[in-house]
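Structure first, then comments.
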Amino acid sequence: MELRIENLTKDFQGIRAVNGITCTMEKGVYGLLGVNGAGKTTLMRMLCTLLHPTEGRIYYNGADIFEMGADYRKVLGYLPQEFGYYPDFTVKDYLLYIASIKGVSRAAASRKVMMMLDKVGLSKVKNRKMRKLSGGMKRRVGIAQAMLNDPEILILDEPTAGLDPSERIRFRNLISELARERLVILSTHIVSDIEYIANEILLMKEGEILHAGTLKEVTEKVEEKVFCLTVPLKEADYYMKNYKVVNIRTGEGMAHMRMLAMESPHPAATEDDLTLEDVFLHYFGEKGGEEDDDL
């Protein structure tokens, strides 16, 4: 199984949303990480044939996906940021309806729907109306509808947006399980969504892939180091203004900070290992006092 992207570009009225992306994906989880406005959704929509590229091609097992048409969509599952549903449909009826749209035979649809409800942990609420579901349950229904045709490629756009921490953990575990036999592409700006489940991380900024690789490989690309430092609270403002501070915790008149820097910011600072959150700040964050409308 191979999804190959070659020089993919998309312009909207003179604005370049995706700029010359080239990469190859195989079975596993690929985490597309970037701030809002980086071009992630535009890229996803082209991978789903919902948008035609201005330039470039996308190939699935050597065939152009736009030329494949329905044959490509048969192997594709997609969960957009917002998916439509009829609020008065029960969960089961909604999934049966989606199964019919996807061309799943009536004989197979009921069995398939019940199997997916069990997989996403919604069997007990199958007769509950969609409008009465929590946000986390609706996202799980979204995964179920994307999986009804047993896709080889599963594309998830900001799948955990708005979920509480427990639902986010459940979602990550489910995605990890689903990825054992297929290609999963997960777009997010939430670092924890992909830090532990992605086989490969793609850092996207201003329509381009800055770096792609394993967690180890993308952290090794960062020249800055991580330093931990505790200073009197009155001195914290200096470091907030002059360094990329990943986080800060205050208490008893002291500030405990974790920051990125090329050299040690203070003789008492200790060096620590880079995490994906540090990498995110390195590429997408700014020093204190500067603003980025996308963050």
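So for the sequence shown, this note's numbering puts the first residue at 1499; every next one is plus one.
Using N, Cα and C, we set each Cβ at its ideal position, and we do this for glycine too.
Keep in mind it's a predicted model, so treat the numbers as computed, not measured.
Counting C-beta pairs closer than 8 Å gives three or more between the stretch 1725-1740 and the stretch 1751-1764, which meets the contact rule.
Taking a contact to require three or more Cβ pairs closer than 8 Å, the stretch 1694-1705 and the stretch 1748-1757 do not qualify as touching.
Within the same chain, Cβ atoms closer than 8 Å to the Cβ of residue 1594 are found at 1607, 1608, 1611, the five residues on either side in sequence being excluded. About 14 Å separates the Cβ atoms of residue 1587 and residue 1640, ruling out a contact at the 8 Å cut-off. Residue pairing by DSSP places residue 1558 opposite 1501, 1561 in a beta bridge. Between residue 1759 and residue 1736, the beta carbon gap of about 13 Å keeps them out of contact (Cβ cut-off 8 Å). Residue state for residue 1663 is assigned as helix, using DSSP reduced to three classes. At the C-beta level, residue 1631 and residue 1624 stay beyond 8 Å of one another. Residues 1526, 1527 of the same chain have their beta carbon placed closer than 7 Å to that of residue 1677, with the five preceding and five following residues left out of the count. Beta-bridge annotation (DSSP): residue 1598 is not paired with any residue. Residue range 1651-1655 is occupied by the beta strand (DSSP E) that includes residue 1654. Bounds of the beta strand (DSSP E) holding residue 1685 are 1681-1686. With respect to residue 1661, residue 1529 sits apart: the two C-beta atoms are not nearer than 8 Å. Sequence-distant Cβ neighbours of residue 1502 in its own chain, meaning closer than 6 Å and more than five residues away, are 1522, 1557. Residue 1542 is a Cβ neighbour of residue 1655, given a cutoff of 8 Å. Note on residue 1567: under 16 other CB atoms within 10 angstroms of its CB, so exposed under the neighbour-count rule. Residue 1745 is bridged by DSSP to 1756. By alpha-carbon distance to residue 1779, the top candidate from 1508, 1729, 1720, 1544 is 1720. According to the DSSP assignment, residue 1779 belongs to the alpha helix (DSSP H) that extends over 1774-1782. With respect to the C-alpha of residue 1767, the residue from 1775, 1757, 1773 having the closest C-alpha is 1757. Looking at the backbone, the Cα of residue 1666 and that of residue 1689 are separated by about 12 Å.
Relative to the Cα of residue 1634, the nearest Cα in the group 1734, 1682, 1675, 1620 belongs to 1620. In the displayed model, residue 1626 falls within coil according to three-state DSSP, outside both helix and strand. Non-local beta-carbon contacts of residue 1748 in its own chain, meaning distances under 7 Å to residues more than five positions away in sequence, involve 1731 in chain order. Judged by beta-carbon spacing, residue 1644 lies beyond the 8 Å limit of residue 1579, meaning their Cβ atoms are not closer than that value.
Here residue 1746 has 1734, 1738, 1753, 1754, 1755, 1756 as same chain residues with Cβ atoms under 8 Å from its own Cβ, once five neighbours each way along the sequence are excluded.
At the C-beta level, residue 1714 and residue 1532 stay beyond 8 Å of one another. In the DSSP annotation of this structure, the continuous segment of the alpha helix (DSSP H) that includes residue 1616 starts and ends at 1604-1617.
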